[in-house]
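Here the structure is laid out as structure tokens; the discussion comes afterwards.
Protein chains: 2
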Amino acid sequence: MQKELPSVEFLTNGQDYFLPSVSLDNVIFGFHENELKVLLLQPKLKKEWVLPGGFIFKDEEIDDAAARILKTRTGLNNIFLQQFRVFGGTKRSRGTVMRQLLQTTGTKITNNHWLLQRFITIGYYALVAYDKVNPHPDEFSNECAWWDINKIPELLFDHQQIVEEALQAMRLQLNYQPIGYNLLPKEFTLKNLQSIYETILGRKLDRSNFNRKILGYGILEKKEKQYSGGAHKAPFLYSFSKKTYFKALKNGLDKDF
Amino acid sequence: MQKELPSVEFLTNGQDYFLPSVSLDNVIFGFHENELKVLLLQPKLKKEWVLPGGFIFKDEEIDDAAARILKTRTGLNNIFLQQFRVFGGTKRSRGTVMRQLLQTTGTKITNNHWLLQRFITIGYYALVAYDKVNPHPDEFSNECAWWDINKIPELLFDHQQIVEEALQAMRLQLNYQPIGYNLLPKEFTLKNLQSIYETILGRKLDRSNFNRKILGYGILEKKEKQYSGGAHKAPFLYSFSKKTYFKALKNGLDKDF
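Right, dumping it as structure tokens:
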């Protein structure tokens, strides 16, 4: 993994290290007590927030850059980051905001400063287990924190749109890829899994419909029922079938057509 | 729409016009007599083929660039191009191939020639009505032609991978977005629509399953049955409901969850 640049070098000579015109933004969703969170940074001296993003080294694969940036902000390794869209509006990265941000660092700002050029940004998202993350701000930010998806603060640039489209992409993804592997303990009930789907979709689901569909995908293994000892019927436990889960992640879930 | 550059200006001073580091490749699928075709170009003096692609003007939206490149190669306007992935491998655009291609044009080649730098490419795909297309090569190519998806020739760079991933993305898309609007006459039978799905998926589908699912999406309107006069039962005709079709294109098809 590439090392991050020292900040003075980053601010003054970034153009020597990074691919021009291209940035990358990670939308990191966290699942916590049936709530969906998103990880945001607050740049110094600003009241608005931004997504954790960065740039691609000239000899770095773009997926590796996304993973490096995720690790820097969260400490997380080996998370499956899903590239979902390029945001390429001509006006998305121009204007006075980046100039203001640069001013807070005391950088000498020329009109052709590399950070003032047009950037298209590649959006990635990941759904991570909230309590495994240790959010920490970089030196250009006050704070790095989780925000409830329904209560996010004002965001800079087009980052509000990027969050919305990441959420929409993740909701569509539920229809053709499995989800939940890194969010649940090894054994879980169908109700646990249904909660994840409900949290992402932001609405309640019919239980028998959900069970029928999810079992139909063939990605779950039913465990031997354990003696519960209680008066109530204990629910069956399941685990993900590693083989079929990752096959479905690659090829899509089985469909009627 | 931006005008294409004259070729000498393109080859020698392209860096003054285009966003650095970023190219764009269109995978144009054509539907014809229940076969799936893909539109390819053969560069001069090469036996291999490439996808129709290009670059993004410094003040051009990326979606507009995709549409401009599509129009230049096919004459088609108003086609919905679906951005599906960025290909960002560090070695994808390097090597000797671009240098050879440049040599065929007689361009003076320096080591820092803009076309010899690293490019990431944004992949778009579209599914178009084959017989509305008039393929024509640009001045750097011998030929622009449709190829059967199962018999495509050897491709340069990572274009084989781009075609494969476009096809996979289109197949996944069938599960959450409607398809077929620009491929069928105003009124059609369910069997006509099933043929499109079968062609994209490359396999036969069960008819009653297909009918149940496609009608369940609520994107079709049943037409009044017309007197057929024949001995056989005429099939019902349908048309797309413009309102629900484009809503589903935007928000995804209705699902059980």
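Residue numbers (our numbering), protein chains in the order written: chain A, 13 to 269; chain B, 13 to 269.
Where is the CB? At the ideal position from N, CA and C, for every residue including glycine.
Please read these numbers as outputs of a predicted model, since none were measured by experiment.
Quiz prompt | Residue-chain proximity (Asn187/A, chain B), Cβ-Cβ < 8 Å | solution = yes
Quiz item: Do the segment 30–41 of chain B and the segment 24–40 of chain A make contact, defined as three or more Cβ pairs closer than 8 Å?
Solution: yes
Quiz item: Quick one: what's got a C-beta closer than 6 Å to Leu113/A's C-beta in the same chain, skipping five residues either side?
Solution: Hits under 6 Å: Pro55.
Quiz item: Once you ignore the five residues that flank Asn89/B on each side, which residues in its own chain have a CB closer than 7 Å to its CB?
Solution: Lys83
Exercise. Would you mind working out which of Lys259/A, Leu232/A, Leu184/A sits nearest Tyr250/A, comparing C-alpha positions?
Key: It is Leu232/A.
Quiz item: I think Asp160/A touches Glu47/A, with their Cβ atoms under 8 Å apart; what is that distance to the nearest whole Å?
Solution: 6 Å
Quiz prompt | Selection of the segment 124–144 of chain B by Cβ proximity to chain A, strictly under 7 Å | solution = So the close ones are Arg130, Ile132, Ile134.
Quiz item: Roughly how many angstroms lie between the CA atoms of Ile81/A and Glu177/A, to the nearest whole one?
Solution: Rounded to the nearest angstrom, the two C-alpha atoms are 20 Å apart.
Exercise. Output the boundary residues of the beta strand (DSSP E) element that contains Asp322/A.
Key: Since the first residue shown for chain A is 13 and the last is 269, residue 322/A is missing from the structure and cannot be characterised.
Quiz item: How would you label Asp37/A, buried or exposed, when you count the other beta carbons within 10 angstroms and need 16 or more for buried?
Solution: buried
Quiz item: Any contact of the segment 121–140 of chain B with the segment 90–102 of chain B, i.e. 3+ C-beta pairs under 8 Å?
Solution: Contact between the segment 121–140 of chain B and the segment 90–102 of chain B is present, because at least three Cβ pairs lie under 8 Å.
Exercise. Please determine if the segment 60–77 of chain A and the segment 54–70 of chain B are in contact, where contact requires at least 3 C-beta pairs separated by less than 8 Å.
Key: Under the three-pair Cβ rule at 8 Å, the segment 60–77 of chain A does not count as touching the segment 54–70 of chain B.
Quiz prompt | Sequence-distant residues of its chain with Cβ nearer than 7 Å to Ile174/B (five each side left out) | solution = Asp37, Val39, Leu63, Phe99, Gly135
Exercise. Starting from Leu195/B, trace the beta strand (DSSP E) both ways and give me its first and last residue.
Key: No beta strand (DSSP E) holds Leu195/B; DSSP gives it neither H nor E.
Self-check item: Listed by chain order, chain B residues near Gln95/A by CB distance under 8 Å
Solution: Arg97, Val98
Self-check item: Environment of Gln49/B [buried if 16+ CB atoms lie within 10 Å]
Solution: Correcting the residue identity first, residue 49/B is Lys in this sequence and not Gln. Counting Cβ neighbours within 10 Å, Lys49/B comes out buried, since at least 16 surround it.
Quiz prompt | Boundaries (first-last residue) of the alpha helix (DSSP H) holding Ser207/A | solution = 202–213
Practice problem: Would you kindly work out how many angstroms separate the C-alpha atoms of Lys163/B and Glu73/B, rounded to a whole number? | Solution: 34 Å
Quiz item: Got a sec? Which residues, its chain only, sit under 8 Å from Leu93/B by beta carbon, not counting five neighbours each side?
Solution: Asn38, Asp75, Ala78, Ala79, Leu82, Tyr136, Tyr137, Ala138
Exercise. Tell me, please, which residues DSSP counts as bridged to Ala138/A.
Key: Residue pairing by DSSP puts Ala138/A in a beta bridge opposite Ile40/A.
Quiz item: What is the rounded straight-line gap between the Cα of Gln115/B and the Cα of Tyr257/B?
Solution: 48 Å
Practice problem: Express the C-alpha separation of Glu166/B and His44/B in angstroms, rounding to a whole number. | Solution: C-alpha separation (whole angstroms): 22 Å.
Quiz item: What does Pro190/A touch in chain B if you count any residue whose Cβ is under 7 Å from its own?
Solution: Chain B residues near Pro190/A: none, gap ~13 Å exceeds 7 Å.
Self-check item: Identity of the residue in Lys237/A, Glu21/A, Phe41/A nearest Ile191/A by Cα
Solution: Phe41/A
Quiz item: Quick one: is Gln101/A near chain B, going by C-beta distance under 8 Å?
Solution: According to the sequence displayed, residue 101/A carries Gly and not Gln. Yes - at least one Cβ of chain B is within 8 Å of the one on Gly101/A.
Exercise. Quick one: give me the first and last residue of the alpha helix (DSSP H) that Val175/B is part of.
Key: 171–185
Quiz item: What is the DSSP secondary structure of Val145/B, counted as helix, strand or coil?
Solution: coil
Exercise. Take Lys144/A as the anchor and find which of Leu196/A, Lys245/A, Phe248/A, Leu261/A has the nearest alpha-carbon.
Key: Leu196/A
Practice problem: Would you mind telling me which residues of chain B sit closer than 7 Å to Pro32/A, beta carbon to beta carbon, in chain order? | Solution: Pro32, Ser33
Practice problem: May I have the straight-line CA-CA distance separating Phe169/B from Leu205/B, to the nearest angstrom? | Solution: 35 Å
Quiz item: For the segment 42–71 of chain A, which residues have a beta carbon sitting closer than 7 Å to at least one beta carbon of chain B?
Solution: Within the segment 42–71 of chain A, the qualifying residues are Lys70, Asp71.
Exercise. Taking C-beta pairs closer than 7 Å, name the residues in chain A that Ile74/B reaches, listed in chain order.
Key: When 7 Å is used as the limit between beta carbons, Ile74/B is near these residues of chain A: Val98, Gly100, Ile132, in chain order.
Quiz prompt | CB of Glu199/A within 8 Å of CB of Lys245/A, strictly | solution = no
Self-check item: Contacting residues, own chain, Cβ-Cβ under 7 Å from Tyr193/B (five flanking each side not counted)
Solution: Phe252, Tyr257
Quiz item: Are Leu53/A and Cys156/A touching if we call contact CB-CB under 8 Å?
Solution: yes
Self-check item: Chain-ordered neighbours of Leu184/A on chain B, where CB pairs are closer than 7 Å
Solution: Tyr188, Gly264
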